[in-house]
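Last residue of the sequence shown? That's 1060 in my numbering, and every number before it is there in order. By construction, the Cβ of each residue, glycine as well, lies at the ideal position given by its N, Cα and C atoms. In what follows, a single structure is set out as structure tokens and then discussed.
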Amino acid sequence: MSITEWSLRNNVTSLAIFILIAVAGVITLATIPRQEDPDFVVRTAVVTTQFPGASPQKVEELVTDKLEEKIREMGEVDYVESQSFTGLSIIEVNIYESIRDVAPAWQKLRNKVDDTIPLLPPEASVPYVNDEFGDVFGFLIALTSDGYTYREMKDEIDIIRNKILRFQKVSKVELWGEQEERIFIEFSNARFAELGVSPFALASVIQSQNIIKPSGQVYDDPERINIRSTGEFLDVDDIRQLSLRFPGGKESVALSDLTDIKRGFVDPPTTMVQYNGKPAILLAVSMKVGNNIIQLGKELTTLVENVNEELPAGLDLEMAIYTPEYVQTSIFDFLINLAQAFVFVILVMLLFAGIRVGLICGTLVPMAMLTALIFMPLFDVMLERISIAAMIIALGILVDNGVVVSESILVKLGAGQDRKQAVISTAKELSFPLLAASLTTVFAFLPIPLAPSSAGEYCVSLFVVITLTLAASWLLSMTMVPMMCFYLLKPQPSVETFSSKIYNAYRKLLMLALKNRFIALAIVFGLFGAALTGFKSVPNIFFPPNERGQFMIDFWQPYGTDIRATERRYEKLEKFLMKQKEFKSVLTFVGTGGPRWYLPLDLEQQNENLATLIINIDSFDHLESFMDKTEHEIIENFPDTRFRLKEMMLGPPAGASIELRVAGDSIEELYDLREKIGEILKNTSGVTVVWDDWGEWTKEFVIEVNQDRARRAGLSSQDIAMSMQMQMSELPVSEFRDGDTVIPIVLRSDDDYRDQADKIPGMNVYSYTEKLSVPLAQVANAHFIWQPSNVRRRDEVRTMTVMADVVGRYASDALQEIKPKLDKLVESDQWPLNYTLEVGGEDEESRKAQAALMANMPLAMGLLIIVLVTQFNSIRKPIIILLTLPPMMIGVAPGMLLTGQPFGFMPLLGLISLLGIIVNNAIMLIDRIDVLEKSGVDIRNALVLSGLQRSRPIIMTTITTIVGLVPLIVSGGGMWRPMAVLMVSGLTVASGLTLVLCPVLYSTFFRVNFKGYEWDSAILNKAKE
């Protein structure tokens, strides 16, 4: 018994099942987790190593090189990028995108890093591996202060953090912007020299006093009791009252009489955060996987409101970044688009198929959608941008099953068949052809989940949703649709004569093409060749920007700029931004790029000359003009600043619009090539800002120790280095414990010497072991040298990346203009041997993503062909179907060019979708030819009649698909409009071509001669079913 017979026989049970599906679908729609965009795995880990005092080249040689060499031994590694700064090595390890489970790779990375530790200098820190670089913090909550210290802010933020961590949906909470505390012991260089006091001796006294050490045990029958000696500092006054005795002196002196002791914060700070111009400490909150971010947002909003009522005046807790706002807007807009598409499809069905068939097919659409919704969570698919768009795309495709089944039953009823027999026989005849058509569409989308790329991972819900909706559509077309047809359809009063003007015009065109098939084929494939040529002029993008009223600024000061100077400069920019009428808020990270609060972010690493600003404005409509004003302000008032204005991009991170990587050994050559490439970029239309990732050369103050003099003076190189560190910055000597907070105690010079380069030659340097000091000038020469601000490498080769932003044209167009000039440069005598030039950024990521997608097309096409061969038990018929595919470009190329839409990853998915629809149409057409031929109709009549009989379902499916895509064209934005335009233009031409090309190809492959053939309408009665 078939499922159709069972559903008719058990109609009450079937109706109950359909009602349960509808109810379950509605419940799932209300409760399914929501997010703005689908997730993808960030396959990057960061290895950070401190090497205090070392120059960038020393860091590169002694730390970065050794770590990179070991890391590159991992088979999972795709490429490694590193930055070597003064005293700091940062290595980004990128593993292959084909690796789904990244945890074993990160454990292997840790093992490799551990193996390298014995090879590193003893002064280097233990490398820190951050494999949570891809964690997303959808909520950034700022505690701002008006007159409070960071310590007071930290006390409050710790309480708030603990409250948030109790939320069940919260994964983790990180603090950003907190300032490390210090106990400063400041001494006068001149006074210590006068008294003969060594700061190192002072440090030794402090260390020996402030201890927590075991003092043994004592036996007191029958117990053994631990002994504890007191001595650690319990408060700052204990440090002030510490007694010292001078050499040869008899009386003790309190430490506070010799030094100035105060509690403060690390100076200069390493990173800072401000919100709307006020100092802030930030709570970055991430959500556990599988939860609803909108519900968590409501809970956190309530918490913020309650906390603000309890906070002291002058402290405010504010939502700086609130992702649910964008999720709600995105989901709501797409649900509106889905509703509009649904209404359009139903109206088309009612208009073309009549009320009864329209009602049946109109019921199929929401039922298939609700059925798919029920199963989406089982495949970890949430309600987000891609999954909802997949439903819109599937609308026109899934309705085809209902149309074909309903119309076939209607024809059988008109031919006088018994109602039940007509329903069952139709389902039996069409079950496999419709299944085959659905499978071919599914297989067309198969490269998406198989693509070893972040872009494929980002779009995997498209495949899942379309597969689920088509499966549901087929199942309902074999059960619910026949059941509704059984009760609702009435027999047609007469046989369809296909005598209208449209049918007559189509029949004459088809017969003309069949009688001149070689000419017809030459015309079609000639147009296809012309379309391919024209398609080369379509600009290319990877993913478009997100249409948010939000953008970022990477605000770079010259390398070597002190973080306090960076702070002063970005505050001027902040004031400009806050004066604009469209302005809502600005969150600024100084010295770092901040946390990953938006998944596709391309984060900047720690650097004290960097300020990253996140600006929210009132509307996306004002974004372009606001960014233009901001760019003009920076160029006008910050001429030495490197900057980049960044819209929030969709899809995986792709870097700058244009990125050119120059690789080679010599630093001087890399800088020289940078100038030549930069000149080409600056002279290219549309290029606005050109920068690179090395920056300019920076100054280093070198102390050249005369070892002979130093030895005679009783000083070692370590004595001199530690003396300089102590007087120019700070020297940690002990720790102070305040509850669970550990605060370093540091020794440093007072303001008379600290941070003053002109005082360096006259400074005293001290011996750590001897009670002596001498002026630095007696044992060393001090002078400035120039050095690269940082050294960057890619796969162990020094690499400088020259970048540019493009405005007013597509980056791919600008790159096409640039490439011939770059090729000429590389081939000229100005280009040194063994130096390479590669194109990276958006172009590279787009090429990689498209290549990953196309790599699995042979498998998808192979499965598609197997289905076709199985259905038709023929080789020639599948070839005919596949040959109907290329001419779809005849519509695609003009459509994209005339509308000015770019081709990218999403339009490529649209092309694949188009492929499935056309194959579907061709299958139904050839299946009808076979049915007519088996019923005794002459093959020539069968070719013409099949076109007439299938023209309405094909055109109807085309129109429903097109009108379903109209909302995406109108309001789908840069993400969906290009794909929708491609599908509409391609489908408009391809559907009409299929109705002509498929019969023509059939007549060619099966050598059907149409010479002398004339159409006889009497054949309609013979073909009557």
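Kindly indicate which residue of the options has the alpha-carbon position closest to the one of residue i.
i, options, result
"D775", "V164, K189 and V171", "K189"
"I176", "A319, E671, L448 and V58", "A319"
"L123", "G88, S512, E805 and E104", "G88"
"E40", "S764, T514, A566 and G982", "T514"
"T676", "V477, A646 and D415", "A646"
"R44", "R827, G1007, Q456 and V841", "Q456"
"Q791", "I421, K198 and S764", "S764"
"L373", "W732, L1003 and E703", "L1003"
"F56", "I67, V115, M404 and N539", "Per the sequence presented here, residue 56 reads as Ile, with Phe not at that position. Closest option to I56, Cα to Cα, is M404."
"G930", "S572, V495, F533 and T63", "S572"
"V362", "L350, F268, D292 and Y633", "Y633"
"R709", "P855, Q641 and L872", "L872"
"I947", "A540, P921 and T461", "P921"
"K734", "R69, S90 and N46", "S90"
"W211", "V495, C520 and P314", "P314"
"V1031", "G182, I371 and M546", "M546"
"Y183", "D848, E258, S824 and A348", "A348"
"F938", "I576, A506 and A462", "I576"
Since residue i is in the alpha helix (DSSP H), which residue starts that stretch and which ends it?
i, result
"Q363", "T358 to F410"
"G231", "That residue, G231, is in no alpha helix (DSSP H); it is neither H nor E in DSSP."
"K711", "I702 to K717"
"W141", "A138 to T151"
"S466", "R454 to F480"
"E582", "E582 -> no alpha helix (DSSP H), and no H or E assigned at all."
"L872", "From DSSP, L872 is part of no alpha helix (DSSP H) but of the beta strand (DSSP E) over T871 to G875."
DSSP puts residue i in a beta bridge; with which residues?
i, result
"A886", "DSSP, once it has assigned bridges, lists no residue as partnering A886."
"W591", "L645 and R677"
"W726", "M838"
"M515", "Bridge partners of M515: none, in fact."
"D351", "T179"
"A80", "V128"
"E104", "According to DSSP, which records beta bridges pairwise, E104 is partnered with nothing at all."
"L279", "V288"
Under a Cβ-count criterion, where at least 16 other Cβ atoms within 10 Å of its own Cβ denotes burial, should residue i be classed as buried or exposed?
i, result
"M36", "exposed"
"G431", "buried"
"Q885", "buried"
"S508", "buried"
"F53", "buried"
"D754", "buried"
"E1060", "For E1060, the predicted structure reports a pLDDT of 47, less than 50, and the residue's modelled location is therefore unreliable. The matter cannot be settled from this model."
"D864", "exposed"
"A450", "exposed"
"S784", "buried"
"Y801", "buried"
"E216", "buried"
"P988", "buried"
"N799", "buried"
"Y185", "buried"
"D166", "buried"
"F1045", "buried"
"I390", "exposed"
"S1052", "exposed"
Beta strand (DSSP E) containing residue i: first to last residue?
i, result
"A839", "V832 to V841"
"E682", "R677 to E682"
"Q118", "V112 to F120"
"I738", "W732 to V740"
"L123", "L123 to I130"
"E15", "In the structure displayed, the chain extends from 36 to 1060; residue 15 sits before or after that span and is not available."
"Y605", "Y605 -> not in any beta strand (DSSP E); alpha helix (DSSP H) instead, spanning I598 to K614."
Any chance you could list the beta strand (DSSP E) runs of at least 3 consecutive residues sitting entirely within the segment 638-671, in chain order?
-> Segments of the beta strand (DSSP E) lying fully in the segment 638-671: 645-652.
Secondary structure, alpha helix (DSSP H): runs of 4+ residues fully inside the segment 174-259 = 185-200, 224-230 and 234-244
Tell me the start and end of each unbroken beta strand (DSSP E) in the segment 774-849 that is at least 3 residues and wholly inside, in chain order.
-> Listed in chain order, they are 776-784, 799-801, 808-810, 815-823, 826-829 and 832-841.
Inside the segment 281-341 only - alpha helix (DSSP H) runs reaching at least 4 residues | DSSP runs (the alpha helix (DSSP H)) wholly in the segment 281-341: 290-293.
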